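Working notes, beginning with the structure itself.
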Amino acid sequence: MGTLVCATWEPAGNVEEIQRLIRQRVRELENRLSIFKQTSQVVALSRILNAGSEDILKEFRSSLLHSSNVYSLAGSAEVGLENHDAGAELLFRLEDILQANRFSSDLARVMEASVKFANLTQGAFYPFLGRQMRDWKKLVAERANREFELSDSIIDFGGIAKGYAADQVRDLVVSKGGENVVVSFGSSSISIAGDPVCVGLQSPWEGLEEFGHLLLTHPALSVSADTATRIGSGKRVSHVLDPSTGKPAFTDLVAVLVCAADGMECEAWATAFLVLGLERAMDLDATQQHIDTVFFTADGRVLASPNLQITAHPGVQQWLEAQRVRTQ
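Positions in the sequence shown are counted from 1; adding 158 to them yields the working numbering.
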């Protein structure tokens, strides 16, 4: 999946067997969902879409970006795609392609969730910007003198595939008798089962490495962040694109953390909120009572759901205040 996977659980039980099953499942998910593998199912699906479904993708994107009511579908996570003809048509087309090519249920689930959250976020999360995302990441890598290789895929699930994979590995360990399970894909996607877990919060701001910690009680957590931002100078780099422009999403948010029951949902909202910026993100967040969110702003503010237990490290608040005074 292009990231480090860590898993812990109790009791130890048959550690070697569970480790083998985890490695097997992660390889399976990588072969199905990773755009970093030229032979993966998602890259194969992308080639099929590129060859024959360009019109339906254009219609779907247009329906998302030119709606008269930006949040018409955001009132509930249970809103069905039958209310959005282009989204429903795209899903029907995708279902036919998946069945005809015997693609996996993993790919079907992630693709269905991607289309659903593209609708719910009115296009702020959008999985069909793969080429633009590749070109942007390549440019960033070149500026940093790093090598870069990515498939010519029109699909880029972003972190939503990592959220799905973290949930899948967690559920696998639980099915083998594991308790108090913690699974992380990098530091941005975490899934747990059992007791609450204390999670460290990295700082998105230059000059401050760690912000504090959060007591995670939800089954999943995801973070979308543009790190090393100097307070008062705006963002230097954005790792996500604004689907409405196809360009980097420079907003007044530098990081968003979302906690919910489902890893894919956490990833989709975190990405969408980062794209939308603070005001629009908070408006949309208020319609989603089942998720809890933390917003980190470019000017050094932290706005968090009252349902979350967050503790800043000693001196952090004073440091942030000093940075804000410095930039006034």
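Each residue gets a CB set at the ideal place from its N, CA and C atoms; glycine is no exception. Note that the structure is a prediction, hence the values are computed from the model and not measured.
- At the C-beta level, residue 200 and residue 190 come within 8 Å of one another.
- Within the segment 161 to 215, the runs of alpha helix (DSSP H) that reach at least 4 residues and sit entirely inside it are, in chain order, 173 to 191 and 199 to 210.
- Between the alpha carbons of residue 181 and residue 257 lies a gap of roughly 27 Å.
- Under DSSP, residue 454 shares a beta bridge with 413 and 460.
- Three or more beta-carbon pairs separated by less than 8 Å link the segment 375 to 383 to the segment 405 to 420, which places the two stretches in contact.
- Straight-line measurement puts the Cα of residue 352 at about 27 Å from the Cα of residue 275.
- When Cβ pairs closer than 8 Å are counted between the two stretches, the segment 434 to 450 is seen not to touch the segment 324 to 341, the count staying below three.
- Looking at the DSSP output, residue 471 sits in no beta bridge, so it has no partner there.
- Residue 287 and residue 203 do not touch by the CB rule: their CB atoms are close to 15 Å apart, not below 8 Å.
- Under the three-state reduction of DSSP output, residue 321 falls in the helix class.
- The residue from 433, 386 and 388 with its alpha-carbon nearest to that of residue 402 is 433.
- Restricting attention to 282, 423, 285 and 467, the CA atom closest to the CA of residue 348 is found in 423.
- Cα atoms of residue 373 and residue 463: separation of roughly 13 Å, rounded to the nearest angstrom.
- Assignment of residue 262 by DSSP, reduced to helix, strand and coil, places it in the coil class.
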